[in-house]
Amino acid sequence: QKEVEQDPGPLSVPEGAIVSLNCTYSNSAFQYFMWYRQYSRKGPELLMYTYSSGNKEDGRFTAQVDKSSKYISLFIRDSQPSDSATYLCAMSLQGNKLVFGAGTILRVKS
Amino acid sequence: EADIYQTPRYLVIGTGKKITLECSQTMGHDKMYWYQQDPGMELHLIHYSYGVNSTEKGDLSSESTVSRIRTEHFPLTLESARPSHTSQYLCASMKGGAGNTEAFFGQGTRLTVV
Chain A
1 QKEVEQDPGP LSVPEGAIVS LNCTYSNSAF QYFMWYRQYS RKGPELLMYT
51 YSSGNKEDGR FTAQVDKSSK YISLFIRDSQ PSDSATYLCA MSLQGNKLVF
101 GAGTILRVKS
Chain B
1001 EADIYQTPRY LVIGTGKKIT LECSQTMGHD KMYWYQQDPG MELHLIHYSY
1051 GVNSTEKGDL SSESTVSRIR TEHFPLTLES ARPSHTSQYL CASMKGGAGN
1101 TEAFFGQGTR LTVV
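First to last, the protein sequences are chains A and B.
Under the numbering used here, the first residue of the first sequence is numbered 1, with each subsequent residue one higher.
Under the numbering used here, the first residue of the second sequence is numbered 1001, with each subsequent residue one higher.
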């Protein structure tokens, strides 16, 4: 069983839609939860970071962590064509080694 | 933009050749990592280092080796390339200390072994 499960998509939505991206995980000891965005032919870059459970908002992006369900989500409001990318969830125990999901390909159509 | 650089960006090489993928960062980060990324698959950690002269194998078995002689430099070497090594290789660095979770990635090296 993979430590982190993420639906690879692709997910195709019209511009302006609300997007929901999700990951589940099996290791209850994970403490740090991250979302990375990766554009084509580029390396991943950190989008959102959450420690333990709860919500975090940054502009159009909201990250949620539910440790009791071992489930994390990223919501994108008013999605734009520039949001088209692969979104990778990642998590770690003490911030050392990151464990990544497979990434979800998102396409926002104008 | 992150100050971490990988060269070459693309490499096509014949079976049996020795290759070195270069990774350099100018942020003074102690932690450096090599990941392998294939389409639709999660990033797999193949090597990591927490400082000079410290290297460890990651979770994914790899026939590659790494060295960390200087803080800023973390090259990965394949002694004898095989078609199964065809993949995208991503280098990353992170500040030291517990709770630092932002990994800065290079743009990757796309390796094709023919």
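Positions of the beta carbon are idealized from the N, C-alpha and C atoms, including for glycine.
Owing to the predicted nature of the structure, the values given are computational and were not obtained by experimental measurement.
If distances are taken between C-alpha atoms only, which option among the options comes closest to residue i?
i: residue 99 of chain A; options: A/7, A/33, A/18 and A/12; result: A/33
i: residue 28 of chain A; options: A/53, A/105 and A/13; result: A/53
i: residue 6 of chain A; options: A/107, A/14 and A/72; result: A/72
i: residue 1107 of chain B; options: A/105, A/84, A/96 and A/39; result: A/39
i: residue 12 of chain A; options: A/3, A/81, A/37 and A/49; result: A/81
i: residue 3 of chain A; options: B/1092, B/1112, B/1095 and B/1041; result: B/1041
Taking 8 angstroms as the CB-CB limit, is residue i close to chain B?
i: residue 34 of chain A; result: yes
i: residue 100 of chain A; result: yes
i: residue 13 of chain A; result: no
i: residue 49 of chain A; result: yes
i: residue 84 of chain A; result: no
i: residue 46 of chain A; result: yes
i: residue 65 of chain A; result: no
i: residue 4 of chain A; result: yes
Run through chain A and tell me which residues come within less than 7 angstroms of residue i, C-beta to C-beta.
i: residue 1048 of chain B; result: 97
Name the one or two DSSP bridge partners that residue i has.
i: residue 1113 of chain B; result: B/1013
i: residue 14 of chain A; result: A/109
Given that residue i touches chain A, what residues does it touch there, using C-beta distances under 9 angstroms?
i: residue 1106 of chain B; result: 43
Kindly say whether residue i, judged by its beta-carbon, lies nearer than 8 angstroms to any beta-carbon of chain A.
i: residue 1016 of chain B; result: no
i: residue 1081 of chain B; result: no
Give me the chain E residues within the contact set of residue i, using Cβ-Cβ distance strictly less than 7 angstroms, ordered along the chain.
i: residue 8 of chain A; result: This model lacks chain E altogether; the protein chains it does include are A and B.
List the residues of chain B whose Cβ lies closer than 8 angstroms to the Cβ of residue i, in chain order.
i: residue 92 of chain A; result: 1101
Tell me, please, whether the region 74 to 85 of chain A touches the region 43 to 61 of chain A by the rule of three or more beta-carbon pairs shorter than 8 angstroms. yes
Tell me, please, whether the region 1063 to 1081 of chain B touches the region 1018 to 1034 of chain B by the rule of three or more beta-carbon pairs shorter than 8 angstroms. yes
Check whether the region 12 to 25 of chain A and the region 1057 to 1074 of chain B are in contact - that is, three or more C-beta pairs closer than 8 angstroms. no
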